[in-house]
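Residue numbers (the numbering used here): 15 to 480.
Structure follows, in structure tokens:
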């Protein structure tokens, strides 16, 4: 392998002893070179069998946005893909603004304190972060990230890539494929959603109801209809009469409002990550206890959820850049208001959208609680600065290359459920969708999903050649 850019031993990656690291300098805005530059870092893990030619280069992304690929997920990918990395190189790239690639930071989101506040305070902080970032806030869209990836590819002298997208990576990789089709050999999308569709509203609520029902049926430890009824009654109670939960974190004890919104966030999270049977059945038991007037089990679930959120916020920009996450989200994702409007007009349009939602589609929660939960808050960018360039990376009729594509969905995933995976598949001329039983979000993390991923990459190489 001959590269066109210098590579050196990677500092701070003891789990990847053979990796070689590099950085490239790229324009913040390829259409306006006067906007300045940023650096993009990457780590190349060479195939273990150097006696034979490479069979390809796998480029993964673990999701986010805002998540480091190199430091947080490099070891995970090398371990999960080890059976096929004898003949394939693994290229880890930190998207601009994350990890080792000039991570974004802003004072408004510099600590975990905002995690313990209400939704309006969180939106205020997100908007203030956008103002603190200033003009830079518009330069972190997915299209720019995809172009950075291609600059790294070219610098290393690779031709075609096997793309592996996890969660947000399933948004990024189709964007790369659309913008650089001749350099894609295959695509695997795990926990996928489409660029021009929002899976976080009724689709996710339907998936939650299905997942709760499946867990109860398979475990025979609960009745899905009863769990959903108990959760619905609790959501109504907390919507009308909020209570509180005490949370101890880093030596401080906080009293946090426990309302329907906080409950929706905690419940959603259980079915928006890798499937955890203990957590799923624990929720069923806590909902039953709440139906008898005992709220402490639910308080414990909400408490644990808030602490996990706080830990993520305190991970530091080298690991997780919350500002980069919102810069990408507010630039790319669909929204029901116009950034060109002032806040009052934005809020009016947003509230009209929520008011039109059918409550039956969102049970056991109200539409307002469900569509504003945690990082799925569809109004999170209401106070983001005006950005005339903000739009999805490509339109609904965009042409994506006719390459081998595999979409993996988990039947217990209420984050990017199977209908969202099918929508992601429809972006390509031909794509296979496989639903993995018992898997939650990002089923490639399961043994079955990992095997499906590796088998597909190998077969794609045989079909398309080197």
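The C-beta atom is built at its ideal place from N, Cα and C for all residues, glycine as well.
Computed from a predicted model, the values in this text were never measured in an experiment.
In its own chain, which residues sit with a C-beta less than 7 Å from the C-beta of residue 101, not counting the 5 before and 5 after it? 61, 63, 66, 68, 69
Since residue 137 and residue 394 should fall inside the 8 Å C-beta cutoff, what is the C-beta to C-beta distance between them, to a whole number of angstroms? 6 Å
Have a look at 57, 206, 98 and flag the residue whose alpha-carbon is nearest the alpha-carbon of residue 422. 206
Consult DSSP for residue 462 and reduce its assignment to one of helix, strand or coil. helix
Is it buried or exposed for residue 24, if we count other Cβ within 10 angstroms and need 16 for buried? buried
Could you please give the first and the last residue of the uninterrupted beta strand (DSSP E) stretch that includes residue 57? 51–59
Distance, residue 201 Cα to residue 16 Cα: Per-residue confidence for residue 16 stands at a pLDDT of 45, beneath the threshold of 50, marking its modelled position as unreliable; no derived number is given.
Using CA coordinates, which residue listed in 447, 375, 353 is at the minimum distance from residue 141? 353
Check whether the region 105–115 touches the region 328–335, counting contact only when three or more Cβ pairs, one atom from each stretch, lie closer than 8 Å. yes
Counted within 10 angstroms of its Cβ, other Cβ atoms place residue 307 as buried (16 or more) or exposed: exposed
Can you tell me which residues form a DSSP beta bridge with residue 73? 177
What is the C-beta distance between residue 104 and residue 59, in whole angstroms, given that I count them as a contact (C-beta under 8 Å)? 4 Å
As assigned by DSSP and simplified to three states, the class of residue 41: strand
DSSP state of residue 103, grouped into three classes? strand
Closest to residue 363 by CA distance: which of 392, 214, 464, 50 is it? 392
Taking all protein chains shown into account, do 16 or more other C-beta atoms lie within 10 angstroms of the C-beta of residue 357, making it buried, or fewer, making it exposed? exposed
For residue 178 and residue 72, which I take to be in contact (beta-carbon distance under 8 Å), what is that distance rounded to the nearest angstrom? 6 Å
Through-space distance from residue 255 to residue 181, alpha-carbon basis: 35 Å
So residue 219 packs on residue 437, CB below 8 Å; how close in whole Å? With a Cβ gap of about 16 Å, residue 219 and residue 437 do not count as contacting.
Would DSSP call residue 215 helix, strand or coil? coil
Using beta-carbon positions only, say whether residue 398 and residue 340 come within less than 9 Å of one another. yes
Coarse secondary structure for residue 189, derived from DSSP in three states: helix
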